[in-house]
Amino acid sequence: MKFLKKIIFFYYREYKLNMSGVQDILTNIVFFFLSVFIFIFSIGPDKETISTVGVAIVWTLLLLSSTLSLRKFYQDDFENGNLLIIHLNGFSFGFITILKTFSHFLFVQVPFLLSIPIACILLNIPNDKLLYLFTSFGIGSLTLSCLGSISSSMNLMNQRNFLLGSVIVMIFSVPIIIFSVGIINMAQNFNSLINILFGILLIVFAINPWASGLCLKLSIENN
Amino acid sequence: MKFLKKIIFFYYREYKLNMSGVQDILTNIVFFFLSVFIFIFSIGPDKETISTVGVAIVWTLLLLSSTLSLRKFYQDDFENGNLLIIHLNGFSFGFITILKTFSHFLFVQVPFLLSIPIACILLNIPNDKLLYLFTSFGIGSLTLSCLGSISSSMNLMNQRNFLLGSVIVMIFSVPIIIFSVGIINMAQNFNSLINILFGILLIVFAINPWASGLCLKLSIENN
Amino acid sequence: MKFLVNPSKFNEIADYIFKPVLVLSILFFALGLLFSFYLSPDDYQQGSTVRIMYVHVPSAWLALLTYAIMTFYSIAALAFRMPFGFIFNTAVAPIGAIFTLICIISGSLWGKPMWGTWWVWDARLTSVAILFIIYLIIIFINLSFENRVVREKVVAIFVIVGSVNLPIIKFSVDWWNTLHQPATISKLAKPSIDPSMMTPLIIMTFAFMMIGVAIAILRIKTEIISRKSNLS
Amino acid sequence: MLIVKDLSIERLDKKIFENISLSLAPGNITILKGKNGSGKTTLLKAILNLIEPSFGSIYWKGKLLKKNLYDFYNNVTYISDTTSSLKKLTLADNINIWKKFFISNINDTQIEIALKTLKLDNYLDKKVGTLSFGETKKLEFLRLIIENKNVWVLDEPLSNLDDDSIELMKQTFEDHCEKQGSIIFSSHQNPGIYVTEEMQL
Amino acid sequence: MLIVKDLSIERLDKKIFENISLSLAPGNITILKGKNGSGKTTLLKAILNLIEPSFGSIYWKGKLLKKNLYDFYNNVTYISDTTSSLKKLTLADNINIWKKFFISNINDTQIEIALKTLKLDNYLDKKVGTLSFGETKKLEFLRLIIENKNVWVLDEPLSNLDDDSIELMKQTFEDHCEKQGSIIFSSHQNPGIYVTEEMQL
Ligand code: HEM
Ligand SMILES: Nc1ncnc2c1ncn2[C@@H]1O[C@H](COP(=O)(O)OP(=O)(O)OP(=O)(O)O)[C@@H](O)[C@H]1O
Ligand SMILES: Nc1ncnc2c1ncn2[C@@H]1O[C@H](COP(=O)(O)OP(=O)(O)OP(=O)(O)O)[C@@H](O)[C@H]1O
Ligand SMILES: [Mg+2]
Ligand SMILES: [Mg+2]
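Chains as they are written, first to last, in the working numbering: chain V, 16 to 238; chain F, 16 to 238; chain S, 6 to 237; chain G, 420 to 620; chain P, 420 to 620.
This is the structure in C-alpha cells:
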C-alpha cells in the first residue's frame, strides 16, 4: 500500500519535473508536426510520393523524439543527486529503471502516439493502415524506451563504455524498424511480424532492469 | 596577438570537451544512418523513388539531428560556470556566441558533412548533385548553427521547455529548407537561389551575436 | 483614440463598450445563422456544402486580420517603447489561434466533399498551417519564459518576422495555381459572387469580429490587471 | 543499532582507509573529522551501502546491512555534500514533492514553523535556483524534518551556514537525540555541538 | 584601484542591500561577512559587472567600471561558490586548458610546487569528478595561481577545507598582499586571516 503510494508519487514528481503545464506536451506535438512539414517541404507536394514515404516519416520522427530526450532519462537526476534519494526511499535500482522507462514512454512517446491520426491525414496514409501503425508504433516505442534506458544508463558510467551503449541500441533498433515498417507494408503477414516485434519487446524489457540497474549502481558507486 | 591566442585556446578547450563526449556526435550519426535505413526499408527497393526523395531526406535529417544537439550549445558551460570564466577572460558575450556558433558548426555539423557522401551512395543520389548538396548544406548548416545559438541561449532562461527552442529553430528553417532543396532540384536557378540562401545566412549571422549575447547576459544576471 | 495605446484609457473605454459589443455579436450571430441556413440558396455546383463558406471565410479573414494587427502593435511597441503593444500580443494570440483553427477545420470539412481529401499540400493550406503554428509558438513563449521583459520582446520580434507569412497566405492562390479557390469575394474590382451569398457572409464576418473584440477586451483587461499585481 | 566492523575501502586500488569500526546507538551523535580526501564521504556512502567495502561488514539491527537493506533505508535520511533540491522548481513545489514522495507524517503547520525558523518562509514562490548558496543548504534540512526518520547521515551539514543557522542545527540535533534518534555527520569545523563520539579519519 | 560607491541592489523588486561603499587598494584584503542571503555573492557579482546595480557606481582605476571593463577583467580572478573545473576531464587536462586559455606566464615547476603543497600531485590522471569535495575546491585555487592576476574576488573560499588547507590559504593571501595584490572574499568562518577591512552586510 505504502509502496504503491510511493510509485504514484514518483510519477507525480516526474510530471512536475517534465511539465510546467500542458504547453509542454503541446510543444512536443507541434515539434512533431513541424517535422512533418519540413519533410513535406523537402519532398514536395506530390501525393503519391508522400504516401509512399509517410510511414517512414512517422517512424523516423519517433526514433528522433526518443533520442532527443535521452539525456533527460537519467542524466539530470543523476547529476543533482535525486537518483540516490529515490533509491534511498526504498526503490531498488532495477525498479527505478522500470519506473523511469514507463515515465519516458508516458511523457515523451504517448504525446506522439496521440498525434498520429492527424499525421495520417496530413501524410495521406490510408485509414486501414492506421491500426497497423498504431500497433507497431505502440510496441516499437516501448522497445525504444527500454533501449534508451539501457544506453543512457551506460552513458552515466565511464566514457569507455559509450560505444557499447550506442551499438546496443543500434543493433536492437534495426530489426525493430525492419519489422515495424514491414508490418505496415505487408499487411498479410501482420500476425507473425507482430509476434516477432512483441518477442523483441519482451527480451529488451526483461534485460532492461537488470542492465540499466547495474549501470546505475556502478555509476553511483563510482561517483 | 594575445587575443588571437585566446581564441585558438578557446577552440582547444572546446575540442577537449567535445571529443571526450564522442558519444554525442556518434549518437547523431547513428541516428542519421538509422533513419536513412528506415526510409530505404519503407520505400522498398524501388531505385527511382529512392533517388527522388533522397536529397530531401538527407536535408531533413540533417536539420532534425542538428536540433538534437542544441542542448549542449550553452547549457553545460552555463551550468558549471565556465561561460562566466570565459567571459571574465576577456570575451564579450556577443563574441562568445560567435565563437560557440563556429564551434557547433565544427564539431556537430562537419561530421555530418563528412557522412553525406556515404548517404548519397545508400540513397542513389547522382554524383553530379553532390556538389549542390554540399554547397547548400554548407550554407544551410551554418545558418542552422546561428539559429541554434539563438534558440538555445533563449532556452537558458526557460529551463524546462527545451523543445520550444527546437521548434523556433525549425519554423525559421522552413524557408531555408525550401530554398536548399530547390537548389538541388532546379539546377538551372542555382545562382539566384544560392544568393537568397546566402542572404538569409548573413541576416541570421548578424542578428546572432546581438540576440544570443543579450540572452546570455540576462541569464547570467538572473542566475 | 488614445485608448488604443494606453492601458488605463483602454480600461475606461472597454467598460463602456464591452456590453454593447457582446450584445451585437449575439445579434449578428443569430441573424447570420438564420441567413446562412435558411435564406441563402444552394450553390449550383457545390450544393448545400457551400454553407460552410459562411464559417470558413470569416474565420480565415479574421485570422489574418488579427495577425496583421499584432504585427502593427509589435512594431509600435518595439519602436516607441509602448507596453500596450506587448499586452495586446499576449492577450490576442490565442484568439487568432482559434480563428485559424476554425478556418482549418472548416476548410478540411469543405475539402472532403469538394476535393476528395481532407488535406492537400498546396501553398495556401500549408501557409495557413504555418500561421497556426506561429500562433501556437507565440502562446508557448508567453507561457514558458519567466523573464517578462525578455519574453515580450522575443514575442514581438517573432511576430514581426512571422508576418512574412501573411502575404504568402494572401497571394499564394495567385502565385501558384492550386486547388484552393482564388479570390472571388475580396477582389478589388467587382466581386464575382451573388449578393444572396454576400449578405450572410458579411453578417457572419461582423459576428466573428464582434465576438473576437469582446473576448479580446476581456483578455486585455485581465492581462493589465495581472501585470499590475505581479510586476516581475 | 548500526555497527560498522573493521571496514576497509579501496578505490581504484588505492586504500582510502582501513579497519574502521564504529557503532551508532539511538540517542548518539558521531562526528567524522579528517583532512580533505581522508574518506569521510566514502565512509558515509559505505554505511548507506552505496560503495562496496573491500573488507569488513556493516550491521543494522543485528543483521547484515545487505540482508536488511530496505528496512535500513526506511529509517535513514542522507544529506550529501551537494544539494538535492530541484533547481528549476519553486521552494513550494520542492516541499510538496518531498512531502508526497516520502509519505511524510509531518503536518503543514510543522513545516511552516520549520520554514520560519530557517527564515525561508518568504521565498516559497521563488525558484530554488535563485536562492543564495546557504539558503539552498538550509532548504536541505527541511528534508530532515519532512522525512522524519531515525538515523541521520549528513555530509558536511555545517559548511556555508551562518552562525544563527549553526545554532539552529545544534538545537535540532539535540532534540533529535532526545527523541532517541541517532546522527552521524562529517564536518571540518568545530561547531560546539555536543557529540557522543568523535571519529578521526 | 577598485572603488564601490553607494551601491544598492534590487532583485525581483526586493532590496538586497543599500548604500554599500568600499574601496580595494593594492595590498588590501577585504572580508565580507553576513548572514545567509545577506547579499555577499550578489555584491561580488556586482563588482564583476555581472549584475546591474539599481543605484550607485563602481570605479576601476579612476574610470567607471563599465567604461574600463576589459582592463578590469584582465586583472581579476573570480572564484565562485561552486566549482568551475570540468568534471569529465582529468586534473591534468583541466590544468592544461587553464594554462593555455589564460595564457599563463607561470611555468610548470611552479604549478608542480603548487600541486604538491595542495596535496593534489598524486591525482593528476584522475577525473575531477572522482575527487573529494574539498579536493575540487582546492583545485580551484590552482586557477588563482595559474591566472596570476592582481585582484582576487573569492566567494566562500574557505568552506569545506581542512585546517591545513586553510593555513595554506592564509599563507597564499599574505604572499599575494605583499606583492601588492588585493583580495576581496566572503566567508562565514573566522579564519584568523589578517584582513585590512571587515565589511558586515
Ligand atoms: C484546410 C483547408 C483550407 C484552408 C486552410 C483555407 C484557408 C483559407 C484562407 C486563409 C482564406 C482567406 C484568404 C483571403 O482572404 O484571400 C480562404 C478563403 C476562401 N476559401 Fe479556403 N481554405 C481551405 C479549404 C477551402 C475549401 C475546401 C474551399 C472550397 C472548395 C475553400 C474556399 C474558399 C473560398 C471561396 C474563399 C474566399 C476567397 C476570397 O474571395 O477571398 N477553402 N481559405
Ligand atoms: N538570481 C536571483 N534572483 C532573485 N533573487 C536572488 C537571486 N540570487 C540571489 N537572490 C536573493 O538575493 C539574496 C542575496 O543572495 P546572495 O547569494 O547574495 O546571498 P549570500 O550573502 O551570498 O548568502 P550565502 O551566505 O548563503 O551565500 C538572497 O535572499 C537570495 O534569495
Ligand atoms: N569515485 C571515486 N573514484 C576513485 N577515487 C575516489 C572517488 N571518490 C573519491 N575518491 C578518492 O577517495 C578519497 C576520499 O574521498 P572522500 O570524498 O571520501 O574524502 P572526504 O573525506 O569526504 O574529503 P572532503 O573533506 O574533501 O569532502 C579521495 O582521495 C578521493 O580522491
Ligand atoms: Mg566529503
Ligand atoms: Mg553566497
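Beta carbons: idealized from backbone N, C-alpha and C, even for Gly.
- Query: Under the three-state reduction of DSSP, which class applies to Leu36/S: helix, strand or coil?
  - Reply: In this structure, Leu36/S counts as helix in the three-state DSSP scheme.
- Query: Once you ignore the five residues that flank Tyr542/P on each side, which residues in its own chain have a CB closer than 6 Å to its CB?
  - Reply: Leu510, listed in sequence order.
- Kindly examine ligand 5 and report whether one of its heavy atoms sits closer than 6 Å to the Cβ of Asp500/P. Within the cutoff, so yes.
- Verify the CB distance criterion: does Gln124/V have a CB-CB separation below 7 Å to chain S? no
- How long is the line joining the alpha carbons of Leu171/F and Ser606/P, rounded to whole angstroms? Distance between the alpha carbons of Leu171/F and Ser606/P: 30 Å.
- Item | Secondary structure of Gln529/P, DSSP reduced to three states | If DSSP states are grouped into helix, strand and coil, Gln529/P belongs with the helices.
- Item | Nearest neighbour of Ala444/G, chosen from Glu617/G, Ser601/G, Gln608/G [CA to CA] | Ser601/G
- Quick check: the region 506–523 of chain P against the region 119–137 of chain F, are there 3 or more CB pairs under 8 Å? no
- Query: Since Thr158/F is in the alpha helix (DSSP H), which residue starts that stretch and which ends it?
  - Reply: Residues 142–170.
- Which residues in the same chain have their Cβ closer than 6 Å to the Cβ of Ser50/V, if we skip the five residues on either side of it in sequence? Contacts found: Leu76.
- So, Ala533/G versus Leu561/G, is the Cβ gap smaller than 7 Å? yes
- Query: If you drop the 5 nearest sequence neighbours on each side, which residues of the same chain put their C-beta closer than 6 Å to that of Val218/S?
  - Reply: Val26
- Within 10 angstroms of the Cβ of Phe88/F, are there 16 or more other Cβ atoms? Answer buried if so, exposed if not. buried
- Item | Within chain P, partners of Thr460/G - CB distance below 8 Å | Close to Thr460/G, with beta-carbon spacing below 8 Å, are these residues of chain P in chain order: Ser551, Phe552.
- Comparing alpha-carbon positions, which option in Leu162/V, Lys17/V, Gly163/V, Phe152/V lies nearest Ile198/V? Phe152/V
- Expressed to the nearest angstrom, what Euclidean distance is found between the alpha-carbon atoms of Met16/F and Asn493/P? Cα to Cα, the separation comes out at about 15 Å.
- Query: ligand 2 heavy atoms versus the CB of Ser427/P: any closer than 6 Å?
  - Reply: No.
- Message: Is it the case that the region 218–230 of chain V contacts the region 158–170 of chain V, given that we only count it when at least three CB pairs across the two stretches are under 8 Å?
- Response: yes
- Which class does Val55/S belong to by DSSP, given the choice of helix, strand or coil? Of the three classes helix, strand and coil, the one that applies to Val55/S here is helix, per DSSP.
- Mind checking whether the beta-carbon of Arg86/S lies closer than 6 Å to any heavy atom of ligand 3? no
- Cβ atoms of Asn455/G and Gly553/P: under 7 Å apart, would you say? With contacts defined by Cβ atoms closer than 7 Å, Gly553/P and Asn455/G form a contacting pair.
- Item | Ser113/S at chain F interface by Cβ criterion, 7 Å | no
- Proximal chain F residues relative to Val70/V, where beta-carbon distance stays under 7 Å: Ser57
- Since Ser188/V meets chain F, which of its residues come closer than 8 Å, beta carbon to beta carbon? Leu49
- Query: Taking the runs of the beta strand (DSSP E) that are 3 residues or longer, which of them lie wholly in the region 472–521 of chain G?
  - Reply: 474–479, 495–498
- How many Å lie between Phe93/V and Glu29/F at the Cα? Spanning the two alpha carbons is a distance of roughly 24 Å.
- Message: Just verifying my parser: in three-state terms, what is the DSSP assignment at Met34/F?
- Response: helix
- Query: When DSSP builds the beta bridges, which residues end up paired with Leu443/P?
  - Reply: DSSP links Leu443/P through a beta bridge to Leu421/P.
- For Glu236/V, which residues in chain G fall below 9 Å Cβ to Cβ? Lys464, Leu469, Ile470, Glu471
- Message: Please tell me whether Leu451/P and Met618/P are closer than 7 Å, where the distance is taken between their beta carbons.
- Response: yes
- Message: Please report the distance separating the alpha-carbon of Asn176/V from that of Ile131/F.
- Response: Any reading at Asn176/V needs caution, since the residue's pLDDT is 47, under 50, leaving its predicted position unreliable; the model's value is listed next. If I take the Cα positions, the gap works out to 27 Å.
- Can we say the region 217–227 of chain F touches the region 97–113 of chain F, given the rule of at least three CB pairs closer than 8 Å? yes
- Message: So the candidates are Ile191/V, Ile235/V, Ile22/V; which of them puts its Cα closest to the Cα of Asn104/V?
- Response: Ile22/V
- In angstroms, rounded to a whole number, what distance separates the CA positions of Ile525/P and Lys480/P? 25 Å
- Gly475/P: beta carbon under 6 Å from a heavy atom of ligand 2? Because no heavy atom of ligand 2 lies under 6 Å away, the Cβ of Gly475/P does not count as near it: no.
- By how many angstroms is the C-alpha of Asp574/P removed from the C-alpha of Leu138/F? 57 Å
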